[in-house]
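Step one of this worksheet: look at the structure below.
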Amino acid sequence: MSKILFTKEQIQKRVGELAAQIARDYDGKPLILVSVLKGSFIFASDLLRAMYEQGKSDVIIDFLTVASYGVRTQSSKAPRIVCDLTIDIQEKHVLLIDDIFDTGHTLKFVQEHLLQKQPASLKTLVLLEKPARREVEVKIDYVGFTLEGSPWVEGYGLDSAELGRGRPDIVVK
Ligand code: IMP
Ligand code: MG
């Protein structure tokens, strides 16, 4: 059996808290969510809906596909954009959303890629962080949960060899 780290209820509660905080921080400022595929698509959808329910409706979403891992748990350290944004983010407020801050190479790369497009502001939200695995410094503005040690986790969008993304909870594999 897999060990449950965060239940569906804990995740939904945390997503609601993050949505409220982000809605407050961007009050009166239209926001573009940039969700990194595939890992963050469920988190980003729930966050978008939670913000809407809390009255933050001036939000649009776009997606970016980054390939960063060739092998199961090893970072290739050479991320690349497989599919870029479809909208122009110049002079817009952008919130980058990823599933997990592991070594940090992917987020650092994606932040640099987005900054080249000259947004009015860029902040970063991750559902999970694994401080024990950090290899590069990256500025993260919002974090859902912090993991102790270096477990491989699955569920709520995160996969093991592409499987498990549909789990409503987050487990250690
Ligand atoms: P980083 O570049 O090492 O920070 O991590 C890049 C990507 O690896 C993350 O965005 C995830 O998609 C994936 N990843 C890292 N750790 C895990 C994990 O424990 N489970 C599932 N995917 C992970
Ligand atoms: Mg990812």
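Read in our numbering, the sequence shown has 35 at position 29, and its numbers run on one by one without any break. The beta-carbon is built from N, C-alpha and C at its ideal position, and this holds for glycine as well. In this text, all values refer to a predicted model and were calculated from it rather than measured experimentally.
Less than 8 Å between the CB atoms is what I'm expecting for residue i and residue j, so what's the real figure, rounded?
i: Val148; j: Leu24; result: It is Tyr, not Val, that sits at residue 148 in the sequence shown. Contact holds; Cβ gap of about 6 Å.
i: Gly150; j: Arg55; result: Actually they do not touch by this definition, with Cβ atoms about 16 Å apart.
i: Leu101; j: Leu70; result: Wrong, their Cβ atoms sit about 13 Å apart, outside the cutoff.
i: Asp175; j: Ile10; result: 5 Å
i: Val144; j: Asp104; result: No, Val144 and Asp104 are not in contact; Cβ-Cβ is about 10 Å, not under 8 Å.
Using only the alpha-carbon positions, how far apart do residue i and residue j sit?
i: Arg78; j: Lys179; result: Bear in mind that the predicted position of Arg78 carries a pLDDT of just 45, short of 50, making it unreliable; the figure below should be weighed with that in mind. If I take the Cα positions, the gap works out to 12 Å.
i: Pro85; j: Lys44; result: 14 Å
i: Ala167; j: Val177; result: 15 Å
i: Glu135; j: Asp108; result: 6 Å
i: Ile146; j: Gly172; result: 26 Å
i: His99; j: Ile28; result: 12 Å
i: Arg140; j: Ala73; result: 18 Å
i: Glu15; j: Tyr162; result: 12 Å
i: Lys114; j: Tyr58; result: 29 Å
i: Trp158; j: His119; result: 27 Å
i: Pro125; j: Asp94; result: 9 Å
i: Ser41; j: Gly22; result: 17 Å
i: Leu39; j: Val142; result: 23 Å
i: Leu121; j: Asp68; result: 16 Å
i: Ala194; j: Glu160; result: Lying before the first or after the last residue shown, residue 194 is absent from the chain, which here runs from 7 to 179.
i: Gly61; j: Arg30; result: 10 Å
i: Phe12; j: Gln18; result: 10 Å
i: Leu169; j: Phe47; result: 14 Å
i: Ser64; j: Met7; result: The amino acid occupying residue 64 in the given sequence is Asp; Ser does not appear at that position. Asp64 and Met7: Cα-Cα distance of roughly 42 Å.
When burial is assigned at 16 or more other CB atoms within 10 Å of the CB, is residue i buried or exposed?
i: Asp33; result: exposed
i: Ser127; result: exposed
i: Thr130; result: buried
i: Thr5; result: Since the first residue shown for the chain is 7 and the last is 179, residue 5 is missing from the structure and cannot be characterised.
i: Ala50; result: buried
i: Ile106; result: buried
i: Gln153; result: The identity of residue 153 in the sequence shown is Leu, whereas the question assumes Gln. The residue is buried, with at least 16 neighbouring Cβ atoms inside 10 Å.
i: Ile87; result: exposed
i: Asp52; result: buried
i: Glu97; result: exposed
i: Gly110; result: buried
Return yes when the C-beta of residue i is under 7 Å from any heavy atom of the ligand GDP, and no when it is not.
i: Thr109; result: Looking at this structure, you won't find the ligand GDP anywhere; what it does contain is the ligand IMP and the ligand MG.
(message) Threshold first: 4 residues or longer. Then list the alpha helix (DSSP H) segments lying entirely within the segment 37 to 90, N to C.
(response) Given a length threshold of 4 residues, each whole run of the alpha helix (DSSP H) inside the segment 37 to 90 is given here in chain order: 47 to 59.
(request) Jot down the residue ranges of each uninterrupted beta strand (DSSP E) in the segment 137 to 176, minimum 3 residues, whole runs only, in chain order. (result) Runs found: 148 to 152.
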